[in-house]
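K.L.:
Encoded as structure tokens, here's the structure I'll be asking about.
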Amino acid sequence: MTVETSSVLTMMGALMTLHALRYLLAASLAWGFFWSWKGNPWTKAKRLQPVDFTRADVRRELLTSLRTAALFGALFGFVYAGLPLVKLRHDGLFALLEFSAWLLFLMLVHDTYFYWSHRLAHHPRVFGWLHELHHRSRNPSPWAALSFGVLDAVVQVVWAVPLVRWVPVPSAVWLVFSFVAIGINVIGHCGVEPYPRSWLRHPVLKWLNFATMHNQHHLVVRGNYGLYFSAWDRWMGTLLPDAPPGPRAGVASPQAGWSHHAPPGPRAAP
Ligand SMILES: [Zn+2]
Ligand SMILES: [Zn+2]
Numbered sequence: 001m002t003v004e005t006s007s008v009l010t011m012m013g014a015l016m017t018l019h020a021l022r023y024l025l026a027a028s029l030a031w032g033f034f035w036s037w038k039g040n041p042w043t044k045a046k047r048l049q050p051v052d053f054t055r056a057d058v059r060r061e062l063l064t065s066l067r068t069a070a071l072f073g074a075l076f077g078f079v080y081a082g083l084p085l086v087k088l089r090h091d092g093l094f095a096l097l098e099f100s101a102w103l104l105f106l107m108l109v110h111d112t113y114f115y116w117s118h119r120l121a122h123h124p125r126v127f128g129w130l131h132e133l134h135h136r137s138r139n140p141s142p143w144a145a146l147s148f149g150v151l152d153a154v155v156q157v158v159w160a161v162p163l164v165r166w167v168p169v170p171s172a173v174w175l176v177f178s179f180v181a182i183g184i185n186v187i188g189h190c191g192v193e194p195y196p197r198s199w200l201r202h203p204v205l206k207w208l209n210f211a212t213m214h215n216q217h218h219l220v221v222r223g224n225y226g227l228y229f230s231a232w233d234r235w236m237g238t239l240l241p242d243a244p245p246g247p248r249a250g251v252a253s254p255q256a257g258w259s260h261h262a263p264p265g266p267r268a269a270p
């Protein structure tokens with residue numbers, strides 16, 4: 001059975017609301033747990049930078065992320081309008097397998113697209129007008145998850161448009177994937193490494209992308225370009241040297257010494 005979606009405007013409004021609420025839910029959960037709970041021993045032990053977030057940074061991250069959420073919703077509302085919902089083809093256990101395979105497929109495609117488009121966005125010729133806004137957060141908070149310029153935001157999602165139009169990915173998989181994506185994105189920007197540090201060197205788990213890695217990416221403004229996995233960074237030699245846990249010495253302020261070409265501190269990429 002298929003269900004026709006209604007008008008373009010209805011879809012755009014619904015998806016703008018969904019994207020905004022999903023972002024606010026994920027970011028406020030991370031913010032509430034790690035940074036509003038003063039004295040949280042986890043945050044004290046595992047925060048990734050010693051400097052506190054500035055009010056100006058958080059305000060910019062929140063406003064630009066809400067703009068990105070609205071843009072994502074408008075774009076996908078336009079793309080989805082008139083399309084039938086796609087259902088899983090199997091039932092029972094096979095439905096679970098089918099669902100998991102599609103979810104993994106989306107994550108692999110997105111991670112590959114993100115790695116290469118993100119790496120390209122750091123090219124000196126395009127960084128300033130494409131990706132610089134995201135890197136104004138040298139010490140990103142959970143609110144920075146969708147903090148992109150307008151063009152950068154469009155680049156972030158165009159990979160999904162041909163899949164939505166021409167690949168029969170079940171609608172339920174898209175829905176779950178979108179929650180997984182914002183969840184992992186917020187964890188990458190939460191300013192704390194929530195997972196055991198030993199996982200970064202675990203023979204299997206090390207292939208995931210950790211908050212430590214993306215936080216380093218913000219600190220030195222290059223390297224660690226991955227999203228869900230660290231495979232592309234490992235294969236292409238862009239993985240930054242591992243950093244010790246806890247507050248980092250030598251970082252005076254979130255904006256000190258900011259330079260795309262000559263990142264400060266001892267953590268330059270190889
Ligand atoms: Zn970047
Ligand atoms: Zn980031």
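With this note's numbering, the residue at position 101 of the sequence shown is 101, and numbering never jumps.
Positions of the beta carbon are idealized from the N, C-alpha and C atoms, including for glycine.
1. So the candidates are Leu88, Arg138, Ser117; which of them puts its Cα closest to the Cα of Leu103?
2. Helix, strand or coil for Phe229? Go by DSSP, reduced to three states.
3. Quick one: complete alpha helix (DSSP H) runs, 4+ long, within the stretch 125-201?
4. Can you name the start and end residues of the alpha helix (DSSP H) that Val79 belongs to?
5. Residues in its own chain within less than 8 Å of Pro247 by CB, not counting five upstream and five downstream?
6. For Arg138, does the count of other Cβ atoms within 10 angstroms reach 16, so buried, or fall short, so exposed?
7. Counting beta carbon pairs with one atom in the stretch 14-22 and one in the stretch 91-98, are three or more of them shorter than 8 Å?
8. Apart from the five residues just before and just after Val8, which ones in its own chain have a Cβ nearer than 7 Å to its Cβ?
9. Which of the three DSSP states is assigned to Val220 in this structure?
10. Determine the direct distance from the alpha carbon of Pro203 to that of Trp143, and round the result to whole angstroms.
11. Going by the DSSP bridge assignment, what does Arg47 pair with across the sheet?
12. Out of Ala26, Thr64, Arg234, Thr68, which has the shortest C-alpha to C-alpha gap to Cys190?
13. Are Leu106 and Phe177 touching if we call contact CB-CB under 7 Å?
P.N.:
With the given structure in hand:
1. Against the sequence shown, residue 103 aligns to sequence position 103. Of the candidates Leu88, Arg138, Ser117, the residue whose Cα lies closest to the Cα of Leu103 is Leu88.
2. In the sequence shown, residue 229 corresponds to position 229, counting from 1. Judged by DSSP in its simplified three-state form, Phe229 adopts strand.
3. Runs found: 150-157, 160-166, 171-188.
4. As a position in the sequence shown, residue 79 is number 79, starting the count at 1. Unbroken alpha helix (DSSP H) run through Val79: 55-80.
5. Numbered from 1 along the sequence shown, position 247 holds the residue referred to as residue 247. Annotation note: pLDDT 43 at Pro247 (below 50); position unreliable, coordinate value reported separately. Annotation for Pro247: Arg47, Gln49, Pro50 place their beta carbon closer than 8 Å to its own, counting only its chain and skipping 5 residues before and after.
6. Position 138 of the sequence shown holds residue 138. Flag for Arg138 reads buried.
7. Judged by Cβ distances under 8 Å, the stretch 91-98 makes no contact with the stretch 14-22, as fewer than three pairs qualify.
8. Locating residue 8 in the sequence shown gives position 8, where the first residue counts as 1. Here the set comprises Gly77, Phe78, Ala81.
9. Taking the sequence shown and counting its residues from 1, the one referred to as residue 220 is at position 220. Secondary structure at Val220: helix, using DSSP grouped into helix, strand and coil.
10. Start at 1 with the first residue of the sequence shown, and residue 143 comes out as number 143. Start at 1 with the first residue of the sequence shown, and residue 203 comes out as number 203. Rounded to whole angstroms, Trp143 to Pro203 spans 31 Å at the Cα level.
11. Against the sequence shown, residue 47 aligns to sequence position 47. According to DSSP, which records beta bridges pairwise, Arg47 is partnered with Val192.
12. Here residue 190 refers to the residue found at position 190 when the sequence shown is read from its first residue. Closest by alpha carbon: Ala26.
13. What you label residue 106 is simply residue 106 of the sequence shown in a count that begins at 1. What you label residue 177 is simply residue 177 of the sequence shown in a count that begins at 1. Yes.
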